[in-house]
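With our numbering, letter number 224 in the sequence shown gets 230, and the count goes up by one each step, no holes.
Backbone N, C-alpha and C fix where the C-beta goes; we use that ideal spot for every residue, glycine too.
The structure under discussion appears below in the form of structure tokens.
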Amino acid sequence: MGRKEGMDMKYTTLLMDVDDTIFDFSACEYNALQNALEVHGLTFSCEVYHRFTAINSALWKKFEQNQITRSELRVRRFSELTEVCFPDYDQNETLADTYVQKLGEQAIFFDGARQAMEQLSRVYDIYIITNGLLTVQNSRLALSRLDHLVKGAFISDAMGVQKPMKTFFDRVLQEVAEKNTRRILVVGDSLTSDMQGGRNAGLDTCLYDPKHRVTLPHPLCDYQISNLNELLRNDEYA
């Protein structure tokens, strides 16, 4: 775990990303894509999966930067995929609908994440902050019963604005119980979405980084953890 020099404040509230922070999004995405393609009679393979993830990741980055709309992202990831992998297929909107449905059925936690969240919920007020689709995220939060452990969920699809935009975080801060922003910590895996968004809002940030991609000090990160339990073990957070 990394630590910002001189940081000794304590936090009451966590604003937590969900995908690739609590849920294993790669596993969820893999299952959802496989199931959706099978419904439409299309052959799933690792090659198709890797191409989809590359397309999807690039489009999400454009969405975060406000370069495309959510509705464009939703269908375009499949039109780009089928253009290469299934050139005779032209029902991309229907395929997109099926994928969203199947993704809503996937709530796969990282190892130990469910137990960590149960313990964290006894220490902090936790709010989910996510750029996911409203129907997908509501379904997954309910399926996983994660909704019973958090005080609320802020989903960009419902808010009309996404991370890392300051407006997203401003609206979150209007709703959370803690009004002292120095006692609020943003926790997530994405530098461009979670950490940058926290910085835009003047909040402290903690990067969930189990693969140690980032070395502190880093301009976007005050802290770095490889396991959610680290938020419990170190009194600089609690």
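- Taking Y105 as the centre and dropping the five residues before and after it, the same chain places the C-beta of A38, L39, A42 and F84 closer than 8 Å to its C-beta, in chain order.
- A straight line joining the alpha-carbon of H154 with that of H224 spans about 34 Å.
- Around the beta carbon of C52, fewer than 16 other beta carbons sit within 10 angstroms, so the residue counts as exposed.
- Inter-residue distance for H56 and D94 is about 20 Å (C-alpha atoms, whole angstroms).
- Annotated three-state conformation of V24 is coil, per DSSP.
- Residue pairing by DSSP places D131 opposite T19 in a beta bridge.
- Residue pairing by DSSP puts V192 in a beta bridge opposite L21 and T211.
- If the five residues before and after L65 are omitted, its C-beta is found closer than 7 Å to the C-beta atoms of I74, L79, R82 and R83, all from its own chain and listed in chain order.
- For F58, the three-state secondary structure derived from DSSP is helix.
- Three or more Cβ pairs drawn from the segment 225-235 and the segment 201-217 lie within less than 8 Å of each other, which places the two stretches in contact.
- The beta carbons of M201 and T211 sit about 5 Å from each other, so the pair counts as a contact at 8 Å.
- Within the same chain, L155 come within 8 Å of E124 by CB-CB distance, once the 5 residues on both sides are set aside.
- In this structure, the CA atom of S199 is about 9 Å from the CA atom of N137.
- Beyond the five residues adjoining it in sequence on each side, I114 comes within less than 7 Å, by CB distance, of F29, D30, A33 and C34 in the same chain, given in chain order.
- T100 sits in a helix when the DSSP states are folded into three classes.
- 8 Å or more divides the Cβ of A159 from the Cβ of Q180.
- Between L101 and I61, the C-beta gap is not smaller than 8 Å, which leaves the two residues out of contact.
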